[in-house]
Amino acid sequence: MSDERTTRALDAASRHQARPSPRLLAELAREMESTPPRGFRLQRNGRLALSAAWLAVSTLLASPRLALSAPGELLLCATALGVSGAMLLAVALPGPQRRLDLGGRRALACLLTAGLIAALCLRAREFLPWHAAWAETAHGTGCLLHSLGGAVLASAGLSLLWWRTDPFTPGWSGWQLGLIGGLAGTLAVCLGCGSLEGWHLLISHGAAALLSGSALAVTARRWLSI
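Residue 240 is where the sequence shown ends in my numbering, and the numbering goes up by one at each step.
See the structure below:
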């Protein structure tokens with residue numbers, strides 16, 4: 015099956031919100047096995063290992079001041095994020111073996127989002143009235159930009175590592191990659207900021223992960239589709 019016919023079939027299935035037929039799936043599987051995808055010719059385990067390394071490295075790069083003052087703590091947190099992120103990607107992204115089905119991936123995405131919000135709320139010492147919250151944490155804009163920078167750095171690397179790996183559900187894969195990459199930015203700013211005001215944590219620290227996930231979910235068809 016030619017690339018042009020493959021593209022037309024996938025576009026038609028996407029427009030009609032229909033699952034490709036078993037025959038089409040079998041032909042696509044044979045074609046992908048015989049012709050390595052363009053981009054990085056890596057096996058799945060290689061992509062997972064590089065994803066773990068990149069999550070750790072991007073967290074370190076997003077925390078230059080903390081790297082000088084508390085390198086041990088930063089290295090431990092960056093390693094933990096890299097390992098846990100790779101474990102999540104191992105089950106969240108499609109692969110040659112059976113992974114989570116689409117319903118399971120949606121549930122995991124909701125669980126990760128809810129877990130991030132819950133963790134930030136539990137970390138908060140207080141929630142000030144809305145009109146006073148931003149004045150109390152005047153550095154909120156700086157923290158938001160810091161977390162966004164870390165999220166963009168980590169998510170861009172992950173999207174490159176997983177380029178052209180999901181022709182059927184790129185939006186959900188993009189959300190997972192963006193959210194997990196965004197956690198690097200959230201972790202970097204949480205480690206360097208001592209504020210425990212709830213609205214500051216949710217907006218200035220955590221919003222970057224949700225924005226990163228949403229952005230990759232929208233643009234993933236260009237990057238993750240074969």
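We put the CB at the ideal spot given by N, CA and C, even for glycine.
> If you check the beta carbons only, do Gly-86 and Ala-70 fall under 7 Å apart?
Replying inline: For the pair Gly-86 and Ala-70, the CB atoms are not nearer than the 7 Å cut-off.
> In chain order, what residues of the same chain have a beta carbon less than 6 Å from the beta carbon of His-160, not counting five sequence neighbours either side?
Replying inline: Excluding residues within five positions, the ones whose Cβ falls inside 6 Å are Val-203.
> Going by beta carbon distance, what residues of the same chain come within less than 7 Å of Leu-191, once the five residues before and after it are set aside?
Replying inline: Around Leu-191: Ser-169, Leu-172, Ser-173, Trp-176, Leu-230.
> CA-CA distance, Pro-184 and Leu-107?
Replying inline: Distance between the alpha carbons of Pro-184 and Leu-107: 9 Å.
> What residue from Ser-218, Ser-187, Thr-179 has the CA that sits closest to Gln-57's CA?
Replying inline: Out of Ser-218, Ser-187, Thr-179, Thr-179 has the C-alpha closest to the C-alpha of Gln-57.
>> Assuming Ser-77 is part of the alpha helix (DSSP H), what are its boundary residues?
In response: Annotation: Ser-77 is outside any alpha helix (DSSP H) and is labelled neither H nor E by DSSP.
>> Once DSSP output is grouped into helix, strand and coil, what is the label at Phe-54?
In response: Note that Phe-54 scores a pLDDT of 45, beneath 50, so its modelled location is shaky; the value from the coordinates is reported in the next line. Under the three-state reduction of DSSP output, Phe-54 falls in the coil class, being neither helix nor strand.
> Which residue or residues does DSSP assign as beta-bridge partners of Glu-211?
Replying inline: Answer by DSSP bridge pairing, in chain order: Glu-140.
> From Phe-141 to Ala-84, what distance separates their C-alpha atoms?
Replying inline: The straight-line gap from Cα to Cα measures roughly 28 Å.
>> Could you check whether Leu-215 and Leu-134 sit closer than 7 Å to each other, using their CB atoms as the reference points?
In response: Their beta carbons are under 7 Å apart, which means Leu-134 touches Leu-215 by this criterion.
>> Using the three-state DSSP reduction, which class does Thr-200 fall into: helix, strand or coil?
In response: It is helical.
> Would Ser-226 pass as a contact of Leu-167 if the rule is Cβ separation under 7 Å?
Replying inline: At a Cβ-Cβ threshold of 7 Å, Ser-226 and Leu-167 do not count as neighbours.
> Comparing alpha-carbon positions, which option in Ala-123, Leu-74, Gly-129, Leu-136 lies nearest Ser-187?
Replying inline: Checking every option, the nearest Cα to that of Ser-187 belongs to Ala-123.
> Out of curiosity, what's the CA-to-CA distance linking Gly-60 and Ala-221?
Replying inline: Rounded to the nearest angstrom, the two C-alpha atoms are 30 Å apart.
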